[in-house]
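Per the numbering used here, residue 4 is the first one in the sequence shown, and the count goes up by one each step.
Following: one structure in structure tokens, then a few remarks.
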Amino acid sequence: MMEHAPAQIRVHEIGGYFLRQYLLETPLGWIALDSGYAGSFSAYTKCLSKLTPLSNIRFVFLTHAHNDHTGFLGELLQKSGAKLVACEASLPRLSSGENAMPEGTGFTSRFGVALSAMMRQSSFPPVLPRDGDIILKSEADQPFLAMGLPIRVVWLPGHTADSIGLYLEESRELLCGDAAGNAVIAPARQAILIENAPQFAQSWDKIIALNPSRIYPCHGNSFPVEDLVQYRDRLDHLQLFYPKKR
4 MMEHAPAQIR VHEIGGYFLR QYLLETPLGW IALDSGYAGS FSAYTKCLSK LTPLSNIRFV
64 FLTHAHNDHT GFLGELLQKS GAKLVACEAS LPRLSSGENA MPEGTGFTSR FGVALSAMMR
124 QSSFPPVLPR DGDIILKSEA DQPFLAMGLP IRVVWLPGHT ADSIGLYLEE SRELLCGDAA
184 GNAVIAPARQ AILIENAPQF AQSWDKIIAL NPSRIYPCHG NSFPVEDLVQ YRDRLDHLQL
244 FYPKKR
């Protein structure tokens with residue numbers, strides 16, 4: 004279990020190498036990032052109980068609406084009483100309960116293409132926004148900064164249209180969702196799936212300009228921003244692989 008301690012915000016992680024599950028401990032309560040696969044809520048709460056009661060989660064921040072991030076999102080929101088914080092573009096994806104694969108979606112490896120059928124078939128219980136949930140319409144919406152927490156929402160589209168992350172202003176750490184990765188399925192820190200390659204490259208440029216002290220992806224191990232600098236040129240000549248049309 005990883006634990007890091009900036010001055011005001013503490014970052015905890017209760018997942019594993021292939022799917023990290025981050026929690027932020029703040030003076031105003033706990034913030035959970037995403038949920039996990041459907042059916043894993045009980046394992047999640049068991050790990051969470053070593054840190055804090057479920058009722059202490061005040062917000063669930065959704066980095067994007069794929070089934071590995073939304074599988075038990077509805078259950079987590081209901082049983083914790085937390086508010087959802089999500090990009091407006093996530094709402095139709097959440098309500099469908101299915102992984103969106105817009106026209107032009109490609110994969111950074113042939114292995115990813117092999118997973119595409121499984122992703123299309125994967126689903127999750129649909130989630131609808133409730134009164135009190137915080138729906139972000141643009142990067143100008145900064146709910147945590149407005150509360151006095153040094154946590155900035157960062158728009159990072161490309162992997163998906165609704166991809167967002169959190170930048171901790173005191174420690175300069177970035178929780179990037181799937182805007183980058185560092186697992187065996189993510190070559191050269193790229194995401195395995197990319198909906199919009201130019202936007203993905205622009206999001207990397209944004210991260211590099213932000214110059215975070217450490218980047219925490221949802222898949223794989225944390226890494227320094229220098230890794231993105233090293234691999235950035237590859238995005239200009241990125242070859243994507245596409246599933247056969249059904």
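No residue lacks a Cβ here, since even glycine has one placed at the ideal position from N, Cα and C.
- Item | Same chain only: Cβ atoms within 7 Å of leucine 171, ignoring 5 sequence neighbours per side | Pro9, Ile12, Pro153 and Ile154
- Which whole-angstrom value describes the C-beta separation of leucine 26 and glutamate 91, a residue pair presumed to lie in contact below a C-beta threshold of 8 Å? Not confirmed; about 24 Å, so no contact.
- Query: Quick one: what does DSSP say asparagine 70 is sitting in, helix, strand or coil?
  - Reply: helix
- Query: When burial is assigned at 16 or more other CB atoms within 10 Å of the CB, is phenylalanine 21 buried or exposed?
  - Reply: Its Cβ having fewer than 16 others within 10 Å, phenylalanine 21 is exposed.
- Do the segment 75–89 and the segment 219–233 touch if we need at least three Cβ pairs shorter than 8 Å? no
- Compare the Cα-Cα distances from tyrosine 219 to each of Ile195, Leu169 and Leu196 and report the closest residue. Leu169
- Task: Measure the alpha-carbon distance for phenylalanine 244 versus glycine 109 and round it to whole angstroms.
- Result: Taking the straight line joining both Cα atoms gives about 5 Å.
- Query: Taking buried to mean at least 16 other C-beta atoms within 10 Å of its own C-beta, is glutamine 86 buried or exposed?
  - Reply: In the sequence under discussion, the amino acid at residue 86 is lysine, which differs from the glutamine named in the question. It counts as buried.
- Query: Among Ile197, Ile211 and Glu142, which residue has its Cα nearest to the Cα of proline 246?
  - Reply: Ile197
- Item | Residue(s) in a DSSP beta bridge with glycine 109 | Partner(s): Ile197.
- Which residues in the same chain have their Cβ closer than 7 Å to the Cβ of alanine 186, if we skip the five residues on either side of it in sequence? Tyr20, Phe21, His222 and Gly223
- Which parts of the segment 92–142 are runs of the beta strand (DSSP E), unbroken and 3 residues or longer, counting only runs that do not cross its ends? Correct list: 137–139.
- For proline 160, is the classification buried or exposed, using 16 other Cβ atoms within 10 angstroms of its Cβ as the cut-off for buried? The residue in question, proline 160, is buried, as its Cβ has 16 or more Cβ neighbours within 10 Å.
- Message: Counting C-beta neighbours from all protein chains within 10 Å, is the total for glutamine 202 16 or more, i.e. buried, or is it exposed?
- Response: buried
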